[in-house]
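Under our numbering, the first residue of the sequence shown carries the number 27, and numbering increases by one thereafter. Backbone N, C-alpha and C define an ideal beta-carbon position, used for all residues, glycine too. Quick caveat, the model's predicted, so the values are computed rather than measured. Remarks on the structure that follows.
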Amino acid sequence: MSDLHNRKVYYPNEEFSKNARIGSMEEYKKLQDEATNDYEGFWSRHAKDKIDWIEPFTNTLDESNFPFVKWFEGGKLNVSAQCIDRHLDTRGDKTAILFEGDRGDVQRISYKELHVRVNKFANLLKEDFGVKKGDRVVIYMPMIPEAAFAMLACARIGAIHSIVFGGFSSEALKDRIEDAKAKVVITADGAYRKEKPYLLKPVVDAAITRTSPVEKVLVVERNNEKVDWVDGRDFSYHKLVENKSDECEPEVMDSEDPLFLLYTSGSTGKPKGVQHNQAGYILWAQMTMEWVFDVKEQDVFWCTADVGWITGHTYIVYGPLAMGATTVMFEGVITHPDAGRPWKMVQDHKINQFYTAPTAIRVLHKMGADEPLKYDMSTLKVLGTVGEPIDPPAWKWYYEKVGSSKCAIVDTYWQTETGGHVISPLPGATPIKPACATLPVPGIMAEIIDEEGNTPELGEKGLLCITRPWPSMIRGVWGDPDRFKKAYFGDVKKNGKPVYFTGDGAIYDKDGYITVTGRTDDVINVSGHRMGTAEVEAAILKHDNVAEVAVVGKPHDLKGEGIFAYVVLKCEEVCKEAQEINTIIKSEIGNIALCDDIVFCPGLPKTRSGKIMRRILRSLAKGEEITQDISTLEDPSVVACIEEKVKN
Ligand code: WTA
């Protein structure tokens, strides 16, 4: 990090800045000063301006029960109306969702058509399944437009959706269904990947046990493969939706009614259901679309995430539709049929903003460094990254080859819990530096501090915190208010008061720019997916012959981090355990959590009080020399022994 202060600076493209919503650092500072000086006034102004209120709010922010805060109390709205109905007069025929299937099939769904499809879907949920305001609906879907219709249909009738990423196993799905007590699951028979059909419905079948809260399963037919059917429980979407009315009055929702849950990994225990509510979430989703991507009326915006992650929620569905943009949804794999696929899509659909993860950039770079040159990508204006720190070589290739050295790269830092971007360059204003998230987005009071709230010395790593509640902040962990408090507001205080700690470390450079260095807790980031080491360990412990296990992250060229497991067996037979361990992980969590390395060792390095020294294990996984004092360990000799095993 010694060259942190001397990174090359890239200034915004002048032509771009002229037309940008925030076109200079002066404008940026003016907004940030306004927020600092009159926090509630700032947010109240934007909330009035951006949201189509059914009834106006009467109180901007109530912090009296911090960290349980309330934004825009008294306000009534409907998020699906914010995303659809209010655009019908001005842009009814504009494409809302531009879908490209795995096999290249394209659908353009206008705002008018979206209105019809969402209303019919909403009526189906209400009339045939009895879904009411406040009910939880689990969505386990591939990347097809019906996934977005399902989300918006829930929002329309006030049901709380909880999307589970299609790569999770039936066990993981079961846990999430049960924790949320969902009575309905919306799924598909399957979808296509690399031109071949695959199935999702059997995973749902296995997740619904006899004691499951699920009463009904709605199946969207995507590939018409044969799947099992439970009469009275499973229903065909296409059959039921056909005769539904295309008018469904949007439910009047309070600002602080829940909108959705999204389960994410923490450093301890099982995944937690992050809860987002209506007004604050949709406000920030829309504002960051406008500020950070600077999407204009004629633009086509593509975020390559999956709707199963927060990035897909905020920047494929809610943010783009709330602002009336055209959002691209892609079912396939970006490297199929070759690493030119995304660039061909940019050319074919004249895409203006492209948003993806560093892991995808590294793969596309490695598989086809010159592929971007084969396509006309002159429509691109803004490139974005999200999910993990991007490394300078990947950044440089993205900037030069994908963006032809003329597009700003917005390195957006945020989390499931923040709902939308919190630290990011603004493309028309912020001079950018490679691999740097730069500055807080206006309105967000993000700071790097230590546990007592002091700013660390220049160049020293600190804790990345947000010192005031913001509208799209997590409102709770579903069913567990104590965990919400402990997980996010327990570690860091400023002026004696607890503040939100992200779990990430970060460093200021001499210009006050924030570089995020990664998690400080036991959460690892595999291909931009958050994974709690505790979850992987719990899965591995299900193997009969495993006595103890410790999982750490290890730097990985393409994935960012790989999963490295140290396993102590009950009896020493290591012929088939490694394979069996990965089979268990696959069924407990899913392929995304498979271990890259499994090392069998005689014991784990522990302190005399029994705490596993993960720092040592992380160093050993990287092949680093152990320099720290290990004499205080319960059994220092295990370190040399593990070192030997790792080398082999
Ligand atoms: C990491 C994804 C560095 C970080 C939106 C955070 C990043 C976690 C960046 C959240 C970035 C996300 N630079 N690290 N630009 N963006 N992260 O909840 O560790 O899936 O805490 O949300 O990803 O992951 P999550």
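Quick check: what's the CA-CA separation for residue i versus residue j?
{"i": "residue 301", "j": "residue 546", "result": "23 Å"}
{"i": "residue 674", "j": "residue 649", "result": "11 Å"}
{"i": "residue 36", "j": "residue 268", "result": "53 Å"}
{"i": "residue 579", "j": "residue 644", "result": "7 Å"}
{"i": "residue 146", "j": "residue 164", "result": "18 Å"}
{"i": "residue 607", "j": "residue 497", "result": "42 Å"}
{"i": "residue 604", "j": "residue 672", "result": "14 Å"}
{"i": "residue 419", "j": "residue 178", "result": "39 Å"}
{"i": "residue 502", "j": "residue 218", "result": "35 Å"}
{"i": "residue 531", "j": "residue 436", "result": "20 Å"}
{"i": "residue 390", "j": "residue 188", "result": "31 Å"}
{"i": "residue 641", "j": "residue 33", "result": "29 Å"}
{"i": "residue 153", "j": "residue 239", "result": "19 Å"}
{"i": "residue 614", "j": "residue 474", "result": "36 Å"}
For residue i, does the three-state DSSP call read helix, strand or coil?
{"i": "residue 509", "result": "helix"}
{"i": "residue 489", "result": "strand"}
{"i": "residue 355", "result": "strand"}
{"i": "residue 346", "result": "helix"}
{"i": "residue 579", "result": "strand"}
{"i": "residue 295", "result": "coil"}
{"i": "residue 615", "result": "coil"}
{"i": "residue 284", "result": "strand"}
{"i": "residue 133", "result": "strand"}
{"i": "residue 587", "result": "strand"}
{"i": "residue 544", "result": "strand"}
{"i": "residue 468", "result": "coil"}
{"i": "residue 401", "result": "coil"}
{"i": "residue 478", "result": "coil"}
{"i": "residue 499", "result": "coil"}
{"i": "residue 329", "result": "strand"}
{"i": "residue 515", "result": "helix"}
{"i": "residue 521", "result": "coil"}
{"i": "residue 380", "result": "strand"}
{"i": "residue 539", "result": "coil"}
{"i": "residue 69", "result": "helix"}
By a C-beta neighbour count over all protein chains shown, 10 Å radius and 16 as the cutoff for buried, is residue i buried or exposed?
{"i": "residue 310", "result": "buried"}
{"i": "residue 62", "result": "exposed"}
{"i": "residue 666", "result": "exposed"}
{"i": "residue 104", "result": "buried"}
{"i": "residue 160", "result": "exposed"}
{"i": "residue 304", "result": "buried"}
{"i": "residue 208", "result": "buried"}
{"i": "residue 82", "result": "exposed"}
{"i": "residue 461", "result": "buried"}
{"i": "residue 573", "result": "exposed"}
{"i": "residue 113", "result": "buried"}
{"i": "residue 559", "result": "buried"}
{"i": "residue 298", "result": "buried"}
{"i": "residue 132", "result": "exposed"}
{"i": "residue 662", "result": "exposed"}
{"i": "residue 382", "result": "buried"}
{"i": "residue 27", "result": "Confidence is the limiting factor: at residue 27 the pLDDT is only 49, short of 50, which leaves the residue's position unreliable and the question unanswerable from this model."}
{"i": "residue 540", "result": "buried"}
{"i": "residue 536", "result": "exposed"}
Taking only heavy atoms of the ligand WTA into account, decide whether any of them is closer than 8 Å to the Cβ of residue i.
{"i": "residue 284", "result": "no"}
{"i": "residue 554", "result": "yes"}
{"i": "residue 496", "result": "no"}
{"i": "residue 441", "result": "yes"}
{"i": "residue 333", "result": "no"}
{"i": "residue 350", "result": "no"}
{"i": "residue 157", "result": "no"}
{"i": "residue 437", "result": "yes"}
{"i": "residue 420", "result": "no"}
{"i": "residue 463", "result": "yes"}
{"i": "residue 631", "result": "no"}
{"i": "residue 468", "result": "no"}
Does residue i get closer than 9 Å to chain C when you measure Cβ to Cβ?
{"i": "residue 359", "result": "Of the protein chains in the structure, only one exists, and it is not chain C."}
Contact the stretch 331-342 vs the stretch 440-452: 3+ CB pairs below 8 Å: yes
Could you say if the stretch 419-433 and the stretch 392-411 meet the contact criterion of at least three C-beta pairs nearer than 8 Å? Taking 8 Å as the limit for Cβ pairs, the verdict is that the stretch 392-411 does touch the stretch 419-433.
Taking three-plus beta-carbon pairs below 8 Å as touching, is the stretch 192-203 in contact with the stretch 285-297? yes
Would you be able to state if there are at least three C-beta pairs under 8 Å between the stretch 612-631 and the stretch 585-602? yes
Does the pairing of the stretch 454-472 with the stretch 37-54 give three or more beta-carbon distances under 8 Å? yes
If contact is defined by three or more beta carbon pairs under 8 Å, each pair taking one atom from either stretch, is the stretch 251-261 in contact with the stretch 183-190? No: the two stretches stay apart, fewer than three of their Cβ pairs being nearer than 8 Å.
Segment contact, 8 Å Cβ cut-off, at least three pairs: the stretch 227-238 with the stretch 125-140: no
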